[in-house]
Amino acid sequence: MKKIPQKEIHKYLRHNKKFPHVWCPGCSDGIVLGATIRAIAEIGWEKDDCAMVSGIGCSSRMPVYVDFNTAHTLHGRAIAYATGIKMAKPSLNVCVVTGDGDASAIGGNHLIHACRRNINLTVICINNHIYGMTGGQYSPTTPHDAIATTMPYGNIDNVFDLCKLTIGAGATFVARTTAYHATEMQSIIKAGFEHNGFSFIEVMCACPVIYGKLNKQGDAPQMMRDLRDSYVPLITYEKLNADEKQGQFPRGIFKNEVAPEYSERYAALVESLQSVKGEGDE
Ligand code: SF4
Numbered sequence: 001m002k003k004i005p006q007k008e009i010h011k012y013l014r015h016n017k018k019f020p021h022v023w024c025p026g027c028s029d030g031i032v033l034g035a036t037i038r039a040i041a042e043i044g045w046e047k048d049d050c051a052m053v054s055g056i057g058c059s060s061r062m063p064v065y066v067d068f069n070t071a072h073t074l075h076g077r078a079i080a081y082a083t084g085i086k087m088a089k090p091s092l093n094v095c096v097v098t099g100d101g102d103a104s105a106i107g108g109n110h111l112i113h114a115c116r117r118n119i120n121l122t123v124i125c126i127n128n129h130i131y132g133m134t135g136g137q138y139s140p141t142t143p144h145d146a147i148a149t150t151m152p153y154g155n156i157d158n159v160f161d162l163c164k165l166t167i168g169a170g171a172t173f174v175a176r177t178t179a180y181h182a183t184e185m186q187s188i189i190k191a192g193f194e195h196n197g198f199s200f201i202e203v204m205c206a207c208p209v210i211y212g213k214l215n216k217q218g219d220a221p222q223m224m225r226d227l228r229d230s231y232v233p234l235i236t237y238e239k240l241n242a243d244e245k246q247g248q249f250p251r252g253i254f255k256n257e258v259a260p261e262y263s264e265r266y267a268a269l270v271e272s273l274q275s276v277k278g279e280g281d282e
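According to my numbering, the sequence shown is numbered sequentially starting from 1.
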């Protein structure tokens, strides 16, 4: 991985205007911001060539801090906005930053259809198992039996595996990493950015202030140690027996396939229709 000088990072931030940020001490969101802009610096994209779009939630504050083309939109609708941006200006490198609730509850339908279309967006989903900003409601990724303010006696729902969901829906790049594995996260996000198609990157994160407190997970360093110990490389995970897999989860790139991309298909369709119309005009 290329070492990025600090001034290369700073040029992507609105550091003179928007900081200090709103995230709580110990929150993982800043680690994801750091990995994301380092990945962009490594690729060498100009900031005017990038667009970052979000919905609502703690992680969705991220576009406020970057000096790209940015849109902080409606809850659950970031992928719909990002789709419009990509279709209007396909040369832009468009990424969506979202949380588990924003992406898979209110925004779940947008997520699966963007996967199905294979449109060239990179979705970075910060999964901390809860709605942090709005007070600790349970989300589709809150573990079974975990406590949320809307499940005070323990969550009785089953959990979405967002990587399996997006693979099933047709995403062509799907990966999982954690906030503990920051350098791995940077290289996975870079690979997602460089993929020509729909990329879904799930980053398992710690919300020590809401989820951690409700579920007695310990302080922020303890939650980071838990991420380190619970998420193992895919190759290691596959060698575990059923008992050993209890409490362990795979991380890494699960799918990376080449397939026709939606905005390119659309441009080809428009071009072919225009040439037919042109022949008719002669
Ligand atoms: Fe982060 Fe949780 Fe605080 Fe939100 S409530 S900023 S997710 S620690």
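Glycine included, each C-beta is placed from N, C-alpha and C at the ideal position. Bear in mind that the values here come from a model prediction, so they are computed numbers and not experimental data.
Since residue i and residue j should fall inside the 8 Å C-beta cutoff, what is the C-beta to C-beta distance between them, to a whole number of angstroms?
{"i": "Tyr-180", "j": "His-129", "result": "Wrong, their Cβ atoms sit about 15 Å apart, outside the cutoff."}
{"i": "Ser-104", "j": "Phe-160", "result": "5 Å"}
{"i": "Thr-122", "j": "Ser-199", "result": "4 Å"}
{"i": "Gly-57", "j": "Asp-102", "result": "5 Å"}
{"i": "Gly-170", "j": "Cys-115", "result": "5 Å"}
Is residue i a contact residue of the ligand SF4, with contact defined as CB to any heavy atom under 8 Å?
{"i": "Cys-125", "result": "no"}
Judging by CA-CA distance, which residue of the options is the nearest neighbour of residue i?
{"i": "His-21", "options": "Lys-2, Asp-48, Gly-101, Val-66", "result": "Val-66"}
{"i": "Gln-186", "options": "Cys-163, Arg-38, Glu-8, Ala-78", "result": "Arg-38"}
{"i": "Gly-99", "options": "Gly-132, Ala-71, Ala-80", "result": "Gly-132"}
{"i": "Ile-253", "options": "Glu-184, Arg-228, Arg-225, Asn-241", "result": "Glu-184"}
{"i": "Ile-235", "options": "Val-270, Asp-226, Glu-261, Phe-249", "result": "Phe-249"}
{"i": "Arg-117", "options": "Ala-268, Lys-277, Tyr-262, Gly-278", "result": "Tyr-262"}
{"i": "Tyr-12", "options": "Trp-23, Cys-27, Glu-42", "result": "Glu-42"}
{"i": "Phe-19", "options": "Gly-26, Ile-188, Arg-61, Ser-28", "result": "Arg-61"}
{"i": "His-195", "options": "Lys-255, Lys-7, Ser-272", "result": "Lys-255"}
{"i": "Arg-251", "options": "Ala-171, Gly-218, Leu-162", "result": "Leu-162"}
{"i": "Ile-9", "options": "Asp-219, Gly-44, Pro-260", "result": "Gly-44"}
{"i": "Leu-165", "options": "Ile-156, Leu-111, Gly-192, Asn-215", "result": "Leu-111"}
{"i": "Gly-247", "options": "Lys-89, Ile-126, Arg-228, Ala-71", "result": "Arg-228"}
{"i": "Pro-25", "options": "Thr-149, Pro-63, Met-1, Val-209", "result": "Val-209"}
{"i": "Ala-148", "options": "His-113, Gln-274, Asp-243, Leu-214", "result": "Leu-214"}
Would you check if there are 3 or more beta carbon pairs closer than 8 Å linking the region 197-216 to the region 22-39? yes
Heavy atoms of the ligand SF4 versus C-beta positions, residues under 5 Å: Trp-23, Cys-24, Cys-27, Cys-58, Gly-132, Cys-207, Val-209, Ile-210
Check whether the region 132-139 and the region 168-187 touch, using three or more Cβ-Cβ pairs below 8 Å as the test. no
For the region 37-57 and the region 88-96, state whether three or more C-beta atom pairs, one from each stretch, are separated by less than 8 Å. yes
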